[in-house]
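Chemist:
Protein chains: 2
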Amino acid sequence: MARTLRIDIDLSRSLRDDDTRALVRSLAEFDDVQLAGAIGNCSAADQDRVLMLLPAVRRSEVFGQLRPEVAGEILGRIAPEEGAALLEEQDADDAADILGELDPARLREILARFDPEDIEELNELLAYDEDSAGGIMSPHFVHIEPDGTIAELFEIIRALEDPPSQIFYSYVLDDDDRLLGIISLRALVLADPSLRVRQVMKRDVISVTPDADQELVADIASRYDLTAVPVVDAERRMLGVVTIDDIVDVLTEEATEDILKMAGAGEEIIDTQSFGSSFRARVPWLAAAAAGGVLVAAALSGFEGALQSVPVLALFMPVVAGMGGNVGTQSSTIVVRGLAVGYVERGRLASIVGREVGLGATLGLIYGIAIALAAPFVGGEVSDPLALGLVLTFGMIGSMTIAATVGASIPLLMDRLKIDPAVSTGPFVTTAVDILGLLFYFWLATVLLGVSP
Amino acid sequence: MARTLRIDIDLSRSLRDDDTRALVRSLAEFDDVQLAGAIGNCSAADQDRVLMLLPAVRRSEVFGQLRPEVAGEILGRIAPEEGAALLEEQDADDAADILGELDPARLREILARFDPEDIEELNELLAYDEDSAGGIMSPHFVHIEPDGTIAELFEIIRALEDPPSQIFYSYVLDDDDRLLGIISLRALVLADPSLRVRQVMKRDVISVTPDADQELVADIASRYDLTAVPVVDAERRMLGVVTIDDIVDVLTEEATEDILKMAGAGEEIIDTQSFGSSFRARVPWLAAAAAGGVLVAAALSGFEGALQSVPVLALFMPVVAGMGGNVGTQSSTIVVRGLAVGYVERGRLASIVGREVGLGATLGLIYGIAIALAAPFVGGEVSDPLALGLVLTFGMIGSMTIAATVGASIPLLMDRLKIDPAVSTGPFVTTAVDILGLLFYFWLATVLLGVSP
Numbered sequence: 003m004a005r006t007l008r009i010d011i012d013l014s015r016s017l018r019d020d021d022t023r024a025l026v027r028s029l030a031e032f033d034d035v036q037l038a039g040a041i042g043n044c045s046a047a048d049q050d051r052v053l054m055l056l057p058a059v060r061r062s063e064v065f066g067q068l069r070p071e072v073a074g075e076i077l078g079r080i081a082p083e084e085g086a087a088l089l090e091e092q093d094a095d096d097a098a099d100i101l102g103e104l105d106p107a108r109l110r111e112i113l114a115r116f117d118p119e120d121i122e123e124l125n126e127l128l129a130y131d132e133d134s135a136g137g138i139m140s141p142h143f144v145h146i147e148p149d150g151t152i153a154e155l156f157e158i159i160r161a162l163e164d165p166p167s168q169i170f171y172s173y174v175l176d177d178d179d180r181l182l183g184i185i186s187l188r189a190l191v192l193a194d195p196s197l198r199v200r201q202v203m204k205r206d207v208i209s210v211t212p213d214a215d216q217e218l219v220a221d222i223a224s225r226y227d228l229t230a231v232p233v234v235d236a237e238r239r240m241l242g243v244v245t246i247d248d249i250v251d252v253l254t255e256e257a258t259e260d261i262l263k264m265a266g267a268g269e270e271i272i273d274t275q276s277f278g279s280s281f282r283a284r285v286p287w288l289a290a291a292a293a294g295g296v297l298v299a300a301a302l303s304g305f306e307g308a309l310q311s312v313p314v315l316a317l318f319m320p321v322v323a324g325m326g327g328n329v330g331t332q333s334s335t336i337v338v339r340g341l342a343v344g345y346v347e348r349g350r351l352a353s354i355v356g357r358e359v360g361l362g363a364t365l366g367l368i369y370g371i372a373i374a375l376a377a378p379f380v381g382g383e384v385s386d387p388l389a390l391g392l393v394l395t396f397g398m399i400g401s402m403t404i405a406a407t408v409g410a411s412i413p414l415l416m417d418r419l420k421i422d423p424a425v426s427t428g429p430f431v432t433t434a435v436d437i438l439g440l441l442f443y444f445w446l447a448t449v450l451l452g453v454s455p
Numbered sequence: 003m004a005r006t007l008r009i010d011i012d013l014s015r016s017l018r019d020d021d022t023r024a025l026v027r028s029l030a031e032f033d034d035v036q037l038a039g040a041i042g043n044c045s046a047a048d049q050d051r052v053l054m055l056l057p058a059v060r061r062s063e064v065f066g067q068l069r070p071e072v073a074g075e076i077l078g079r080i081a082p083e084e085g086a087a088l089l090e091e092q093d094a095d096d097a098a099d100i101l102g103e104l105d106p107a108r109l110r111e112i113l114a115r116f117d118p119e120d121i122e123e124l125n126e127l128l129a130y131d132e133d134s135a136g137g138i139m140s141p142h143f144v145h146i147e148p149d150g151t152i153a154e155l156f157e158i159i160r161a162l163e164d165p166p167s168q169i170f171y172s173y174v175l176d177d178d179d180r181l182l183g184i185i186s187l188r189a190l191v192l193a194d195p196s197l198r199v200r201q202v203m204k205r206d207v208i209s210v211t212p213d214a215d216q217e218l219v220a221d222i223a224s225r226y227d228l229t230a231v232p233v234v235d236a237e238r239r240m241l242g243v244v245t246i247d248d249i250v251d252v253l254t255e256e257a258t259e260d261i262l263k264m265a266g267a268g269e270e271i272i273d274t275q276s277f278g279s280s281f282r283a284r285v286p287w288l289a290a291a292a293a294g295g296v297l298v299a300a301a302l303s304g305f306e307g308a309l310q311s312v313p314v315l316a317l318f319m320p321v322v323a324g325m326g327g328n329v330g331t332q333s334s335t336i337v338v339r340g341l342a343v344g345y346v347e348r349g350r351l352a353s354i355v356g357r358e359v360g361l362g363a364t365l366g367l368i369y370g371i372a373i374a375l376a377a378p379f380v381g382g383e384v385s386d387p388l389a390l391g392l393v394l395t396f397g398m399i400g401s402m403t404i405a406a407t408v409g410a411s412i413p414l415l416m417d418r419l420k421i422d423p424a425v426s427t428g429p430f431v432t433t434a435v436d437i438l439g440l441l442f443y444f445w446l447a448t449v450l451l452g453v454s455p
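If you read the protein sequences in the order shown, they are chains V and H. Residues 3 to 455 (my numbering) are what the first sequence spells out, left to right. Residues 3 to 455 (my numbering) are what the second sequence spells out, left to right.
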């Protein structure tokens with residue numbers, strides 16, 4: 003009964019040699035979740051092989067635990083009959099997620115093998131955007147009338163032929179399916195069985211419409227500590243529920259998306275093994291950075307004279323630009339994440355930018371002095387060490403102040419313009435900081451060292 | 003009954019003028035969660051003012067919805083009696099989180115006003131690391147004996163004097179409090195009331211020990227779709243449960259921590275308004291980057307001759323280092339997040355690094371040619387444009403290949419060494435890339451342009 007949990011299991015050794023019996027034995031050692039994780043990291047041939055070695059019931063359980071992308075790829079390879087059989091065992095919302103990964107031809111082939119009733123339900127779910135409440139909701143929930151008693155409600159739930167796989171609330175609907183209130187399972191169990199549903203139900207219910215962004219649904223569930231959020235149409239007619247297991251997935255997915263966007267590395271860890279998809283995800287971001295880099299070179303070309311007479315200036319370009327880039331990334335990250343988790347109040351833009359600018363200037367002063375003091379030990383020919391020290395100190399202050407200003411402002415501006423602020427960090431901020439910070443540094447050098455640009 | 007949800011509400015206008023009546027009216031318009039969010043963004047004086055204007059019952063509800071850091075700061079300011087009163091209305095695990103924010107003197111003052119029975123429970127919770135399962139578990143759960151019937155179990159739950167605020171499972175314990183199995187509330191409601199607990203309970207239960215990292219608990223709950231994870235000691239005696247609302251908080255908190263660590267901006271959004279705490283969180287990271295920057299300058303000082311004879315080389319330093327930095331950040335981000343969400347299999351390090359190196363080289367080739375073609379339009383005196391083009395092309399290939407290798411390897415290495423890989427991105431990767439990439443670029447220049455270093 004006691005369980006040691008190893009989330010990462012490694013099937014590669016068992017797969018490498020051809021001993022099918024040993025493989026079957028090792029498959030039996032792991033639970034469905036462990037196995038699904040391992041399958042996600044296998045090659046296509048091994049994925050199919052492992053799945054086919056599992057007994058039919060376990061096969062559909064493990065299949066249901068796969069990431070939708072992996073499940074979709076498998077469905078693209080196996081026989082449509084087998085695919086339909088695997089899908090019919092899943093919850094409708096999970097089946098719709100997987101079907102959303104297929105190309106239209108394959109989708110039709112598989113749906114053709116489905117029960118006509120299930121097809122209608124799936125088509126309704128597939129019609130919603132996959133990142134919306136409609137796309138992640140389950141159309142199965144316990145619905146009851148307001149006039150029965152709690153004891154009768156128990157009878158209704160017990161008599162359900164196919165009870166939903168997750169029940170957190172019972173939904174009280176009027177004759178037109180409009181949501182009147184909810185009773186949590188906890189309240190149901192604690193309530194006096196002779197009371198009427200109407201007396202026990204909670205009327206002040208938070209709901210969302212099917213077009214609501216999944217991020218908003220997750221945000222609501224997490225702030226209000228809800229285990230399920232009802233989805234209703236404009237007339238407040240009940241369409242489905244988004245349950246906490248899907249909300250947890252959304253939170254992880256959205257955090258990944260933000261992290262990757264901030265690094266300019268695409269939006270999804272589509273498939274860590276595919277060279278092509280990684281390549282395509284990263285090229286556009288780098289194109290922006292490369293164009294920015296050419297701009298930097300063009301901007302600095304006006305200072306070729308200064309570089310020729312004081313080549314030591316070039317040695318400190320990386321630290322001036324790099325420290326600026328670091329401060330800019332810090333500022334933008336704090337603002338972007340603050341906006342995402344709600345710690346940054348949108349009404350106080352000026353004070354946030356002001357604080358970041360102050361931080362940038364203070365940090366610039368400290369590290370500017372530190373680097374100016376280190377400069378004489380770096381080497382290189384310097385005719386006027388004091389003047390170079392001043393260039394470095396004020397150059398760093400300027401670069402880091404500019405960086406903090408740009409880093410904090412761009413995401414706030416994007417948020418105002420309703421663009422996801424996560425895309426604004428990374429390449430954008432560092433390029434802007436490179437150009438402005440280095441121009442300031444070289445301008446300062448021409449003034450303080452008295453060289454012509 | 004229909005609710006429009008505005009997560010961001012702005013109290014600043016109502017707070018600015020002194021019309022207390024208008025303020026009280028606007029407080030009544032918002033729900034507890036909205037109000038707690040707005041209070042979190044107020045100044046200290048306004049926080050205390052808003053709380054004290056609320057009726058006592060609502061005050062403790064709103065207080066319970068505050069972030070622990072904000073609640074802790076408020077407790078540091080108000081009278082200890084009032085603080086104890088607010089805390090006694092909270093769940094024990096939430097109260098412990100808030101108490102963990104206080105300095106020892108204040109903690110003693112407030113605990114002295116507590117019920118002796120509650121103190122013992124709180125002291126037990128406070129003894130655990132706040133980031134462990136013990137630190138986030140609730141000691142309140144429904145526990146039952148294996149030999150009763152389901153109908154009797156209902157009676158026991160209904161008779162509870164102070165039922166837990168969240169009930170997802172009933173825990174079946176033996177005479178020594180050892181966990182035998184669980185019954186979900188759903189299974190309880192669906193089960194035939196005449197069956198025995200022993201017949202209905204699920205025996206294969208996943209549990210954690212109190213010292214388990216909260217990240218592991220969240221990972222287990224999210225992979226196994228659990229709404230509560232039991233915490234047991236080494237003898238499998240039941241200590242408490244970690245419920246899904248806390249798990250959702252952990253997921254958000256850990257994502258924030260990873261994002262900030264990756265940007266070298268500390269670990270927590272401690273308080274977006276405090277200059278001092280932001281300053282302290284960022285200084286150490288920048289110190290590493292500054293030391294790296296001085297190293298870069300020292301490493302490049304060997305190439306002063308090349309810079310003097312071909313100053314145009316300096317113009318392209320930002321793009322060579324910057325594109326390397328971008329690719330390095332992309333590689334490390336994908337590996338770090340892949341490790342965190344389990345998409346990167348730890349057994350396949352070589353293939354992951356290999357793919358990243360291949361991507362770096364390919365991207366370097368493409369952008370190297372692009373920048374070499376753009377170079378003649380940038381300006382600057384070039385005696386041998388073809389040779390400069392070759393330096394740029396191969397310099398970019400080298401810099402981006404090095405960057406991808408470093409970016410992908412460092413987090414994998416750290417993971418092997420059991421260090422959180424998130425700390426390895428940001429300043430570390432960019433500094434390493436600056437040094438190695440630029441050294442390669444200048445070495446190439448001395449060879450291809452035939453200048454002395």
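Using N, Cα and C, we set each Cβ at its ideal position, and we do this for glycine too.
#1: When you compare each of Q216(H), V322(H), Y226(H) and G330(H) to D34(V) by their alpha carbons, which one comes out closest?
#2: Let's test the definition: count the other Cβ atoms within 10 Å of the Cβ of N125(V) and tell me whether it reaches 16, buried, or not, exposed.
#3: Could you list the residues in the segment 369-391 of chain V with a C-beta less than 9 Å from some C-beta on chain H, going in chain order?
#4: CB G330(V) to CB V408(V), shorter than 8 Å?
#5: State yes or no: is the C-beta of V355(V) nearer than 7 Å to some heavy atom of the ligand MN?
#6: By the criterion of Cβ-Cβ separation under 8 Å, what are the contact partners of M319(H) in chain V?
#7: Between the segment 216-234 of chain V and chain H, which residues of the former have a C-beta closer than 7 Å to a C-beta of the latter?
#8: Considering only DSSP beta bridges, list what H459(H) is partnered with.
#9: I need the straight-line Cα distance from R18(V) to A46(V), nearest angstrom please.
#10: Return no unless some Cβ of chain H is closer than 8 Å to the Cβ of F281(V).
#11: Considering only their Cβ atoms, is the gap separating Y173(H) from P232(H) smaller than 8 Å?
#12: A434(H) by DSSP, collapsed to three states: which one?
#13: Compare the C-beta of N125(H) with all C-beta atoms of chain A and state if any pair is closer than 8 Å.
#14: Is the segment 135-153 of chain V touching the segment 241-251 of chain V, taking contact as three or more C-beta pairs under 8 Å?
#15: Using 8 Å as the cut-off, can you tell me whether the segment 277-292 of chain V makes contact with the segment 366-382 of chain V, which would need three or more C-beta pairs spanning the two stretches below that distance?
#16: Please classify Q92(H): is it buried, with 16 or more other beta-carbons within 10 angstroms of its beta-carbon, or exposed?
#17: Threshold first: 4 residues or longer. Then list the alpha helix (DSSP H) segments lying entirely within the segment 52-120 of chain V, N to C.
#18: Note down the Cα distance separating M3(V) from D206(H), rounded to an integer number of angstroms.
#19: Where D20(V) and S62(V) are concerned, what is the direct C-alpha to C-alpha distance, given to the nearest angstrom?
#20: Within 8 Å of any Cβ in chain H, is that where the Cβ of R239(V) sits?
#21: Check distances from the C-beta atoms of the segment 330-343 of chain H to those of chain V and list, in chain order, the residues that come in under 7 Å.
#22: When you compare each of V59(H), M54(H), E83(H) and D177(H) to I112(H) by their alpha carbons, which one comes out closest?
#23: With burial defined as no fewer than 16 other Cβ atoms inside 10 Å of the residue's Cβ, what is the status of H142(H): buried or exposed?
#24: Would A299(H) count as contacting chain V if we go by Cβ distances under 8 Å?
#25: Assess contact between the segment 433-443 of chain H and the segment 316-326 of chain V, defined as three or more Cβ pairs (one per stretch) separated by less than 8 Å. Is contact present?
#26: How would you list, in chain order, the residues of chain V whose beta-carbon sits under 9 Å from the beta-carbon of V250(H)?
#27: Keeping to the same chain, check which residues put their C-beta closer than 6 Å to that of L392(V); ignore five residues upstream and five downstream.
#28: Applying the 10 Å Cβ sphere with the 16-neighbour rule, what's the burial state of R69(V)?
#29: Counting contacts by CB-CB distance shorter than 8 Å, is S62(H) in contact with chain V?
#30: Helix, strand or coil for K420(V), going by three-state DSSP, please let me know.
#31: Using 10 angstroms around the beta-carbon of D178(H), count the other beta-carbons present and answer buried if the total reaches 16, otherwise exposed.
#32: Just checking, does the segment 189-198 of chain V make contact with the segment 144-162 of chain V on the three C-beta pairs under 8 Å criterion?
#33: With 9 Å as the C-beta to C-beta threshold (strictly closer), list the residues of the segment 142-164 of chain V near chain H in chain order.
#34: What does the alpha-carbon distance come out to for the pair G39(H) and D176(V)?
#35: Start and end of the beta strand (DSSP E) containing S2(H)?
#36: Let me know if L162(V) comes out buried or exposed under the rule of 16 or more other beta-carbons within 10 Å of its beta-carbon.
Modeler: So, from the data block:
#1: Working through the first sequence from its first residue, we reach residue 34(V) at position 32. Considering only alpha carbons, the answer is Y226(H).
#2: On the first sequence, residue 125(V) is found 123 positions in, with the first residue counted as 1. So N125(V) ends up on the exposed side.
#3: Y369, A372, I373, A376, A377, F379, V380, G381, G382 and E383
#4: What you label residue 330(V) is simply residue 328 of the first sequence in a count that begins at 1. What you label residue 408(V) is simply residue 406 of the first sequence in a count that begins at 1. Yes, the pair counts as a contact, with Cβ atoms nearer than the cut-off.
#5: The ligand MN is absent from the structure shown, which contains no ligand whatsoever.
#6: Mapped onto the second sequence, residue 319(H) falls at position 317. Simply A316, M319 and P320.
#7: D221, I222, S224, R225, Y226, D227 and T229
#8: Residue 459(H) cannot be examined here, being either before or after the span of chain H that is shown, 3 to 455.
#9: Your numbering for residue 18(V) matches position 16 in the first sequence. Your numbering for residue 46(V) matches position 44 in the first sequence. So the two alpha carbons sit approximately 14 Å from each other.
#10: Position 279 of the first sequence, counted from the first residue, corresponds to residue 281(V). So, interface residue.
#11: Sequence index remark: in the second sequence, residue 232(H) carries index 230 (1-based). Sequence index remark: in the second sequence, residue 173(H) carries index 171 (1-based). Yes. Within cutoff.
#12: Along the second sequence, one-based indexing puts residue 434(H) at 432. Of the three classes helix, strand and coil, the one that applies to A434(H) here is helix, per DSSP.
#13: Of the chains in the structure shown, none is chain A; the protein chains are V and H.
#14: yes
#15: no
#16: One-based indexing of the second sequence puts residue 92(H) at position 90. Its Cβ being crowded by 16 or more others within 10 Å, Q92(H) is buried.
#17: 58-67, 70-79, 82-90, 94-101 and 106-113
#18: The residue labelled residue 3(V) in the question sits at position 1 within the first sequence. The residue labelled residue 206(H) in the question sits at position 204 within the second sequence. Below a pLDDT of 50, predicted positions are generally treated as unreliable, and M3(V), at 33, falls in that range; no measurement from the model is reported.
#19: Position 18 of the first sequence, counted from the first residue, corresponds to residue 20(V). Position 60 of the first sequence, counted from the first residue, corresponds to residue 62(V). Their backbone Cα atoms lie some 24 Å apart in a straight line.
#20: Taking the first residue of the first sequence as 1, we reach residue 239(V) at position 237. For R239(V), the answer is no, since every Cβ of chain H falls outside 8 Å of its Cβ.
#21: T331, Q332, T335, I336, R339, G340 and V343
#22: Within the second sequence, the letter at position 110 stands for residue 112(H). Of V59(H), M54(H), E83(H) and D177(H), the residue nearest in Cα terms is E83(H).
#23: Numbered from its first residue, the second sequence carries residue 142(H) at position 140. Answer is buried; the Cβ neighbour count reaches 16.
#24: Within the second sequence, numbered from 1, the residue matching residue 299(H) stands at position 297. Yes, contact with chain V.
#25: yes
#26: Your numbering for residue 250(H) matches position 248 in the second sequence. Correct list: A220, A223, S224, D227, I246, I249, V250 and L253.
#27: Along the first sequence, one-based indexing puts residue 392(V) at 390. L450, listed in sequence order.
#28: Walking along the first sequence from the start, residue 69(V) turns up at place 67. Classification of R69(V): buried, given that the 10 Å Cβ count is 16 or more.
#29: Position 60 of the second sequence holds residue 62(H). No - not a single Cβ of chain V is within 8 Å of the one on S62(H).
#30: For the purposes of this step, residue 420(V) is identified with residue 418 of the first sequence, where counting begins at 1. Three-state result, K420(V): coil.
#31: Counting from one through the second sequence, the residue named residue 178(H) turns up at place 176. Exposed is the call here.
#32: yes
#33: F156, I159, R160 and L162
#34: Position 37 of the second sequence holds residue 39(H). Position 174 of the first sequence holds residue 176(V). If I take the Cα positions, the gap works out to 34 Å.
#35: Residue 2(H) lies beyond the residue range present for chain H, which begins at 3 and ends at 455; the question has no answer from this structure.
#36: Stepping through the first sequence from its first residue, residue 162(V) is reached at position 160. Classification of L162(V): exposed, given that the 10 Å Cβ count is below 16.
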